[in-house]
Structures are given as C-alpha cells and as structure tokens.
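These notes concern the structure reproduced below.
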Amino acid sequence: MAGAVTEKRLLIGGEWLETGEWLDVRSPYSSELVARVASGGGGEARRAVDAAERAMRDPLPAHKRAEVLVRVAGLLGRRHEEVARLICAEAGKPMKAARVEARRAMSTYTMAAVEARKLAGEMIPMDATQAGEGKLAFTLRLPVGIVGAITPFNFPLNLPAHKLAPALAAGCAVVLKPAAQTPLSALLLAELAGEAGLPHGWLNVVVGPASEIGEQLVEDTRVRAISFTGSGSVGWQLAKRAFRKRVLLELGNATPVIVEADADLDTAAEKLAQNAFSFAGQSCISVQRIYVQRGVYSVFLERFLPLVEALVVGDPADEETDVGPVIDDDARSRLLDWIDEARREGATILAGGEAVGGLLGPTVIGDARPELKVSREEVFGPVCTITAYESLGEAIELANGTRYGLQAGIFTASLEGALAAARRLEFGGVTINEAPSFRADQMPYGGVKDSGNTREGPAYAVRALTEERIVVIEA
Ligand code: NAP
Numbered sequence: 000m001a002g003a004v005t006e007k008r009l010l011i012g013g014e015w016l017e018t019g020e021w022l023d024v025r026s027p028y029s030s031e032l033v034a035r036v037a038s039g040g041g042g043e044a045r046r047a048v049d050a051a052e053r054a055m056r057d058p059l060p061a062h063k064r065a066e067v068l069v070r071v072a073g074l075l076g077r078r079h080e081e082v083a084r085l086i087c088a089e090a091g092k093p094m095k096a097a098r099v100e101a102r103r104a105m106s107t108y109t110m111a112a113v114e115a116r117k118l119a120g121e122m123i124p125m126d127a128t129q130a131g132e133g134k135l136a137f138t139l140r141l142p143v144g145i146v147g148a149i150t151p152f153n154f155p156l157n158l159p160a161h162k163l164a165p166a167l168a169a170g171c172a173v174v175l176k177p178a179a180q181t182p183l184s185a186l187l188l189a190e191l192a193g194e195a196g197l198p199h200g201w202l203n204v205v206v207g208p209a210s211e212i213g214e215q216l217v218e219d220t221r222v223r224a225i226s227f228t229g230s231g232s233v234g235w236q237l238a239k240r241a242f243r244k245r246v247l248l249e250l251g252n253a254t255p256v257i258v259e260a261d262a263d264l265d266t267a268a269e270k271l272a273q274n275a276f277s278f279a280g281q282s283c284i285s286v287q288r289i290y291v292q293r294g295v296y297s298v299f300l301e302r303f304l305p306l307v308e309a310l311v312v313g314d315p316a317d318e319e320t321d322v323g324p325v326i327d328d329d330a331r332s333r334l335l336d337w338i339d340e341a342r343r344e345g346a347t348i349l350a351g352g353e354a355v356g357g358l359l360g361p362t363v364i365g366d367a368r369p370e371l372k373v374s375r376e377e378v379f380g381p382v383c384t385i386t387a388y389e390s391l392g393e394a395i396e397l398a399n400g401t402r403y404g405l406q407a408g409i410f411t412a413s414l415e416g417a418l419a420a421a422r423r424l425e426f427g428g429v430t431i432n433e434a435p436s437f438r439a440d441q442m443p444y445g446g447v448k449d450s451g452n453t454r455e456g457p458a459y460a461v462r463a464l465t466e467e468r469i470v471v472i473e474a
C-alpha cells in the first residue's frame, strides 16, 4: 500500500521540502521499507548554507540556546519509546542498545545546555609583562561560524546530537548531512528542535548524494568548520580538501583490551562478551582484540566463550536480542572474507564464523597473527580475536600495533600495571577494569593517530567550535 509509507522531507530554513527525488530507508534486518526521504544534492546544500547564514545574522543569546537544548532533552525523554524504535528500525540496532542510545542523546543535549550557559572568555593578566602594563584585556569566545556536520549510520541519533547540541551551545548554525542508510533519527531531532523553539535556519538537514553535499560543504567559504564522524578514508580526504577550514574528525578504531592474570576474570569475561558484540560490533569502540596473559588464557576462555554463545542473535525489535544484523550485505560479505582469510592463515574459529539466516553469529578467533585484517584493521562487525601474551610490555606493544588510537582498556588488580598501561597505550582514552567501549557523553572522546584529530563531548566540542577574540583596553 503506497499510501502507508512514511515520507520525510529535508529541512532548509525552517521549511520541510520535497525535491522530486526519494531515497528509500530499509530495515537492515528484514529489508522492509521503513520510510522514504526526500533526497537533495549540492543545490539544496547551498540553500541550507544560505539559510544558516541568514540565521547567524541574528545571534541567539546563550540563555535561549540553553533553553532550546534543555527542551530537546525533555522531548527526547517524553518520546523515548518512539525514538528507540526508530533507531532500531533504521539501523537494525537491538532495542536494548537503541534505548541506551536514546537515553544518551538526552545527556548530550543536557550537557550542551550547561556549556551554553558557561561559555565565556578569560581575563589576561596584562601587567605580567612590561608590554602589557597599563592595559586591561580579556577574551570573548565567539562562534566559529556555520558548521557542516556529517554523521555515520551506527549511532543515528546520538552522533548527530554530538554535532548539533554543542554547535548550538557555541552559537553556530548547522547544515547536517546524516548517513543515507539512517537519516530518520536525525530528521526527528530536527523536528524536536523546531518544537523546542529553535528559530528557522539554525538547523538544516540535507540527505542525498554524499559527494555532492560534501563538495558544497568543502567549497563554500561560509562554512567555517566541518565536523565529521565516520571512516578514515572519507574523513582524511575531507580534511585535505577543506584545508582552510577547521575539520574535526572522529574516526575508527581496532579496539584492544588487555586482561592481566590478576584481573577479576568473571567481570572481564562478562563485560567483554557484551561489548564485542553489542549492535553486532558496529561501534567505533567495539571490543575487537583481546589480549590475555598466558597463565589465565584457558581459564578466561572457559568463562568467556559460554557467555558469547549465550548471546541472543535475531530480530533487533525483540527485547531479548543482543546481536542483530550488520548494516548491509556488503558489510556481511566483507566480514565473511576477513574471517576466511583468518581461517586460511591458520587461525582457529572458537565461536561463530558463519552467517545463519543472514545474521553473522558472534565470532571469536584464536591464534590470529598480527598481520591479518582482523588483527590490524577495523572489523566493525561481531568479530573479535583473542591472543595469549607473556608480559604486560608485550601486550601493550600488541595493542599499539595498529594505525588506530581511539580507546583501549586493561583489566588488572595492579595499580602499577593499570597506570603503566594508561601511560603507554597510544589511544585517546584508556579504561581500567571497564570495557574500552565505555563512553559517557560528557567525557572528552576522540582519537590519536588515524582515529581522528579532535575530542567530542559538549565541553570539548564547544571549545573546538568557538574562536577566541582578544579585547585590549588602554586603562
Ligand atoms: P562513512 O562511510 O565514512 O560515512 C560517514 C558519513 O560520511 C556518511 O554520512 C556518508 O554519507 C558520508 N560520506 C561518504 N562519502 C562522503 C564524501 N565523499 N563527502 C562527504 N561525506 C561523505 O562511515 P560509516 O560506514 O557510515 O560509519 C562507520 C565508520 O564510522 C567506522 O569507521 C566507525 O569507526 C566510524 N565511527 C567513529 C566514531 C567516533 O566517534 N570516532 C563514532 C561512530 C562511528 P552516505 O551515508 O550518504 O554514504
């Protein structure tokens, strides 16, 4: 029944627009049509920048920005069930995880509202040098300008939230391009922002061909910052092309975790079984490489594998499901190829390794050499490796043996070992006795090496989206 299909439009300058072109959003689980979305290209992106420019001519005071942000958080709370179901439908994210994401987006907006109210410059101690004597000076923190935001499919609500809420807190208007596979949660956020009283033009959402929209955001000199979350191949290209802009990159990881012999093995096994496979491993900090001290390797496996095998694989809409589908057939084929490569190269498949009914089961690979793709590249699927090591030094070296550096973790009872790992692991974040997939939304979150060049979390993103202007007074 064609009439029953939900249709969503683009948001430009406060108007919800059709373009004549439609993009289908399908369930990654059943392939059923979830909705169709008006698709726009470079022209729509340019009009969105025009609208953002008009909006920024009339700046919003901090208290109004904070009020809008708080109201969006409230609306997300009131519509929690609907929001979680939408994430589940478009991303194939199991309801358990979709609910967590929906709650986290409330925190993101709430913390951004706090930052909006705190935004201030600082006094400069001018008489600290001879040159400054007799002068008074302070800085203003001003919005960097229009922000182009680009987000991936895997957190379709909370990653747009991490762009939109801090940008508004900083006083910047945004043109958002969400992932083509999952644009619906972002469009819902835009709807909620309107309901919360955000004036027209401050938030514009354009869905459509990525390269065309990206080109407009890169080439348009009015766009002063591009905030990108996604794969390194796209992100670093954008940074290269938009070299005159501030380009903030949040990219991938091949997340390692070390389990020392003195660790609480039950806790480690439980947390790692959950965090290697939740949302089918499609989180940028999904546990991928587990290094276990040789003395406890077999004991750890005895505890870990039954927990992995007990995970419920199935329909993401079922409340019991832990592991749903990966985003599409291409992702599944790539993962099966990488598992085959590991098999061929002598690794042992300790669990899973196959797709059943289109769903890839949680897969644990032992004896995977460091050169294999599963050990080196970002898996981004329900696959982890498990490797024995002798000393902590060796484990840290193995963990660092990747081009990525987003988050890493260690389980140990030794304070000394934990702090050594915190100092020597080359990552943006290190968790101790917690899975490295942990994130609270106010934390500074971001990577080193190929994993990115910035930190998100409202306080840090607001800093990145504002400029300091010095004001000097002869006094
Ligand atoms: P992706 O393919 O890089 O896509 C991300 C976004 O970039 C999408 O909106 C995509 O649009 C857009 N895009 C693609 N080509 C573009 C171009 N030439 N110009 C401008 N935009 C372009 O990434 P993904 O597969 O959706 O997401 C998975 C990746 O994101 C993983 O590497 C994961 O680790 C990373 N990630 C990082 C974080 C973090 O915070 N560090 C969080 C989550 C995910 P279309 O959808 O229209 O192609």
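Quick note on numbering: the sequence shown equals residues 0 to 474 in numbering that gives the first Met the number 0.
From the three backbone atoms N, C-alpha and C, an ideal C-beta is built for every residue, glycine too.
Small disclaimer: the values here were computed from a predicted structure and weren't measured.
Contact check, residue i vs residue j, beta carbons under 9 Å
i	j	result
alanine 192	leucine 163	yes
aspartate 321	glutamine 273	yes
asparagine 252	glycine 404	yes
glycine 207	serine 38	yes
valine 36	tryptophan 21	yes
leucine 156	isoleucine 86	yes
leucine 424	proline 255	yes
serine 106	leucine 250	no
glycine 131	methionine 55	no
glutamate 467	leucine 75	no
valine 355	serine 285	no
arginine 221	glycine 280	no
alanine 330	phenylalanine 299	no
arginine 223	leucine 264	no
serine 30	isoleucine 149	no
valine 382	glycine 351	yes
proline 457	methionine 110	yes
arginine 8	leucine 16	yes
valine 173	valine 217	no
alanine 275	isoleucine 289	yes
Cβ-based burial, residue i [other Cβ within 10 Å; buried from 16]
i	result
proline 60	exposed
proline 369	exposed
proline 165	buried
methionine 122	exposed
serine 282	buried
glutamate 114	buried
histidine 62	exposed
alanine 127	exposed
proline 361	buried
threonine 181	buried
serine 184	buried
Per-residue DSSP class, three states only, for residue i
i	result
serine 226	strand
tyrosine 296	helix
alanine 350	strand
lysine 95	helix
methionine 110	helix
glycine 416	helix
glycine 365	strand
serine 87	For clarity, residue 87 is cysteine in the given sequence; the question names serine instead. Helix at cysteine 87.
tyrosine 290	strand
methionine 125	helix
valine 322	strand
phenylalanine 276	helix
arginine 454	coil
arginine 468	strand
arginine 462	helix
valine 311	coil
phenylalanine 137	strand
alanine 104	helix
For residue i, the residue or residues it bridges with in DSSP
i	result
asparagine 203	Val174
glutamate 6	Arg35
glycine 430	For the sequence presented, residue 430 should be read as threonine rather than glycine. Paired residue(s): Gly408.
tryptophan 15	Leu10
aspartate 545	With the chain running from 0 to 474 in the structure shown, residue 545 is simply not present.
Near ligand 2: residue i beta-carbon under 8 Å from a heavy atom
i	result
valine 174	Looking at this structure, you won't find ligand 2 anywhere; what it does contain is ligand 1.
Nonlocal neighbours in the same chain, by C-beta distance under 6 Å from residue i, ignoring five residues either side
i	result
threonine 347	Gly365, Asp366
alanine 50	Ile11, Gly12, Gly200, Asn203
leucine 139	Gly120, Arg468
glycine 446	Gly404, Leu405, Gly427
glutamate 66	none
glutamine 441	Met110, Gly456
Residues near residue i in its chain [Cβ-Cβ closer than 8 Å; skip 5 each side]
i	result
alanine 96	Ser277, Phe278
threonine 266	Phe410, Asn432
7 Å CB neighbourhood of residue i in its chain, flanking five on each side removed
i	result
alanine 262	Phe410, Thr411, Ala412
phenylalanine 137	Gly120, Glu121, Met122, Ile123, Val470
lysine 448	Arg402, Tyr403, Gly404, Glu425
arginine 375	Ala253, Pro369, Thr401
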